[in-house]
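Numbering (this note's numbering), first residue to last: 6 to 274.
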Ligand SMILES: CC(C)(COP(=O)(O)OP(=O)(O)OC[C@H]1O[C@@H](n2cnc3c(N)ncnc32)[C@H](O)[C@@H]1OP(=O)(O)O)[C@@H](O)C(=O)NCCC(=O)NCCS
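What follows is the structure, given as structure tokens:
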């Protein structure tokens, strides 16, 4: 058994068992080349043949562990756990303090693995779909970050299926990128959303990766997204929303629940 960086020549062997991983299929074929180019795609091999992978997405303070796949003939032998531990080791060498993963709430084996490796559930997030539609809305793209900090009601936000730490420091950057949608009433911000202009996986999908505020304000943000999806001729607006928010609106379809799991890395070096 050996863990090493994935190679171009592993692609066929890995994709051969990553077609029907989940009920809806898999996405590894769509991200393989991008992950390989970033050079943090790990492979585990047995007798010289790659039998599993995992990608370690590096950002400022965390490693985002994703795409853990083990060939069905080699499962339950500790290989996935070894890949996760290798990703954490890589992160510790880079002095990153946090490791996070997103796991579907119904993926009990992965959740059990994460728990065994010392992860805890930080939050639960729902995936919603919203059909693009012409809408009027009073929500707007924020032009400054003042007053928005009260609307930070989560430790993270999602960006193309990666979750990142959300704090006051990141707001000016997101405002500059034109990605904060805000609804004001009596000059006070009532609700905000973080808009990911496209999805990393699909050009036809527009994504909202965070939502908070009053329910009337939230509806204004959702109308904004619906309208943007319509204007930009997207197939679908995908929303990732914390479990506690529970928005309701015509055209809003709740799809799947996910667990965001987290582990602190610093004190374990
Ligand atoms: C989930 C997956 C990565 C686990 O790979 P693996 O190499 O078999 O996992 P490990 O042998 O390291 O298992 C570690 C722990 O996970 C849990 N686990 C793994 N497979 C399990 C199963 N079939 N049933 C119950 N628990 C399971 C157990 O707690 C296990 O510890 P144990 O064997 O000591 O009881 C593998 O089943 C897989 O590729 N699944 C499809 C893709 C997927 O779900 N990826 C994760 C997306 S977040």
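All residues carry an ideal CB built from backbone N, CA and C; glycine is no exception.
Keep in mind it's a predicted model, so treat the numbers as computed, not measured.
Could you tell me which residues DSSP puts in a beta bridge with residue i?
i           : result
residue 161 : 170
residue 56  : The partner list for residue 56 (beta bridge, DSSP) is empty, contrary to what the question assumes.
residue 215 : 199
residue 62  : 69
What residues in its chain sit with their C-beta under 8 angstroms from that of residue i, if we drop five residues either side in the sequence?
i           : result
residue 138 : 231, 232, 234, 235, 256
residue 58  : 11, 15, 19, 33, 46, 47, 48, 49, 72, 73, 74, 88
residue 274 : Caution applies to residue 274, whose pLDDT of 46 falls short of 50 and renders its modelled position unreliable; the value that the coordinates give is listed next. Contacts found: 97.
Taking C-beta to C-beta, are residue i and residue j nearer than 8 angstroms?
i           : j           : result
residue 146 : residue 263 : no
residue 84  : residue 268 : no
residue 265 : residue 103 : no
residue 252 : residue 227 : yes
residue 51  : residue 79  : yes
residue 41  : residue 7   : no
residue 131 : residue 246 : yes
Any heavy atom of ligand 1 closer than 7 angstroms to the beta-carbon of residue i?
i           : result
residue 121 : yes
residue 61  : no
residue 30  : no
residue 197 : no
residue 106 : yes
residue 33  : no
residue 124 : no
residue 21  : no
residue 188 : no
residue 86  : yes
residue 117 : yes
residue 112 : yes
residue 82  : yes
Leaving out five residues on either side along the sequence, give the residues of the same chain with a beta carbon under 7 angstroms from the beta carbon of residue i.
i           : result
residue 143 : 188, 225
Give every residue of the same chain whose Cβ lies closer than 6 angstroms to the Cβ of residue i, excluding the five residues on either side of it in the sequence, and list them in chain order.
i           : result
residue 150 : 176, 177, 180
residue 126 : 264, 266
residue 195 : 188, 218, 219, 222
residue 115 : 108
Ligand 2 heavy atoms versus the CB of residue i: any closer than 7 angstroms?
i          : result
residue 75 : Absent from the structure shown: ligand 2. Ligands present: ligand 1.
query = Hey, is the region 96-110 in contact with the region 208-228, meaning 3+ C-beta pairs nearer than 8 angstroms?
reply = Touching, no.
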